[in-house]
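The sequence shown begins at 79 in this note's numbering and counts up one residue at a time.
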Amino acid sequence: MEMTLHQARNRPFSRYGKWLGVALFCLPATVMAHPHSFIDMQTTLVANDTSLTGLKMVWTMDEITSADLLYDAQNAKPGSDIWKKLAAEVMARVLSQHYFTDFYREGKPVKYLDLPSEYQLSRRGDQAVLEFVLPLAKPQTLAGKPMEFSTFDPSYFVDMTYKDKTALHLPPELEKRCTLALFTPKPDASLQNYALSLDKADAPPEDMDLGQQFAQKVTLECH
79 MEMTLHQARN
89 RPFSRYGKWL
99 GVALFCLPAT
109 VMAHPHSFID
119 MQTTLVANDT
129 SLTGLKMVWT
139 MDEITSADLL
149 YDAQNAKPGS
159 DIWKKLAAEV
169 MARVLSQHYF
179 TDFYREGKPV
189 KYLDLPSEYQ
199 LSRRGDQAVL
209 EFVLPLAKPQ
219 TLAGKPMEFS
229 TFDPSYFVDM
239 TYKDKTALHL
249 PPELEKRCTL
259 ALFTPKPDAS
269 LQNYALSLDK
279 ADAPPEDMDL
289 GQQFAQKVTL
299 ECH
């Protein structure tokens, strides 16, 4: 029987959940740090003529992070129950951390809906790929003050990055009136060395916000 996202959020962690804990998704932010796992991100804005309604995200996990998950999937066909079950498990962990995403406008947080409007998990060679739409609780008018969002693991156990600006996408109808900017921080050598010195069992101080100090920021501005 197909597992729903509601069921996945409320059930105890299975061995899929164990993989998620090792990789990123089920442990508290302070348990692990320093990147030991890597996620390559792509984001496309979801909008109508006047408002931003969400973010479509594509997260491609590194081969080591993907290995146990793909082993569990075996040779299951896309869209099969096993893929749906795995997708629900992974998505539930993402939701438990508020999509690992901060979104602000005029210094105020923008809220999201509790559940994605769509999501799926698939295989791309030796890598697992999670795709989902993060829906905003209230549409944000495109014109006006800029909007800013960041996606990161607070513990910095997982490095979540955009390769460059080409990983950010505007719908064709917005290309003439909106711009996206990507800011990649350059932490000083002492902070980088500190992150690299942490082993899997180490935890940075909670108030250090280690992951946030390495987090990229995306700014959307429209006229």
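Every residue gets a Cβ at the ideal spot worked out from N, C-alpha and C, and that includes glycine.
Collapsing the DSSP output to three states places Arg202 in a strand. Taking Leu288 as reference, the option from His301, Gln270, Leu298, Cys300 with the minimal CA-CA separation is Gln270. Distance between Phe210 and Ala267, taken at the CA atoms: about 35 Å. Cα atoms of Thr244 and Ile142: separation of roughly 25 Å, rounded to the nearest angstrom.
Within the same chain, Val188, Phe227 come within 6 Å of Phe181 by CB-CB distance, once the 5 residues on both sides are set aside. The C-alpha of Leu276 lies about 24 Å from the C-alpha of Arg171. Ala170 sits in a helix when the DSSP states are folded into three classes.
Assigned with DSSP and collapsed to three states, Ala293 falls in coil, not helix or strand. Per the coordinates, the alpha-carbon of Asn126 lies some 36 Å from the alpha-carbon of Ala151. Going by beta carbons, Thr131 and Leu246 fall outside the 7 Å limit.
Ranked by Cα distance from Pro249, the options Leu133, Tyr234, Ala221 are led by Leu133. The residues Ala166, Met169, Ala170, Leu193, in chain order, have a CB closer than 7 Å to that of Leu83 in the same chain once the five nearest residues on each side in sequence are set aside.
In the DSSP assignment, Leu260 falls within the unbroken beta strand (DSSP E) covering 256 to 261. The straight-line gap separating the alpha-carbon atoms of Asp231 and Lys155 is approximately 30 Å.
Residue environment analysis places Asp237 among the buried positions, since at least 16 neighbouring C-beta atoms fall within 10 angstroms of its C-beta. Glu299 and Thr257 have their C-alpha atoms some 5 Å from each other. Taking the CA atoms as reference points, Leu148 sits about 40 Å from Gly185. Pairing Tyr240 with Ala273 gives a Cβ-Cβ distance that is not under 7 Å. By the CB criterion at 7 Å, Asp146 and Phe116 fall outside the cutoff.
In the DSSP assignment, Asp146 falls outside any beta strand (DSSP E) and lies within the alpha helix (DSSP H) extending over 141 to 151.
Partner residues in the beta bridge of Asp118, as assigned by DSSP, are Thr138, Thr239.
Each residue's CA atom was taken as its position, placing Gln175 and Met225 some 21 Å apart.
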